[in-house]
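Trainee:
In this note's numbering, the protein residues as written are 146 to 184.
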């Protein structure tokens, strides 16, 4: 991958991983919290 120059100099790259949602039950507040907190 080539750098585009749009990144700030000296900025540290990072990523956020979220748990995989279990599909054996209805969505609940925990799903929403995980999605919003990661965003």
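Virtual Cβ for every residue (Gly too), placed ideally from N, Cα, C.
Taking only the alpha-carbon atoms, compute the straight-line gap between residue 166 and residue 175 and give it to the nearest angstrom.
Mentor: Distance between the alpha carbons of residue 166 and residue 175: 10 Å.
Trainee: The alpha helix (DSSP H) that contains residue 178, what's its start and end?
Mentor: 174–183 is the extent of the alpha helix (DSSP H) around residue 178.
Trainee: Here's a check: name, in chain order, each residue in its chain whose Cβ is nearer than 6 Å to the Cβ of residue 163, leaving out the five neighbours to either side.
Mentor: Result list for residue 163: 179, 183, in chain order.
Trainee: To which residues of the same chain is residue 172 closer than 6 Å at the C-beta, ignoring the five residues directly before and after it?
Mentor: Once the five neighbours on either side are set aside, residue 172 has no close Cβ partner at all.
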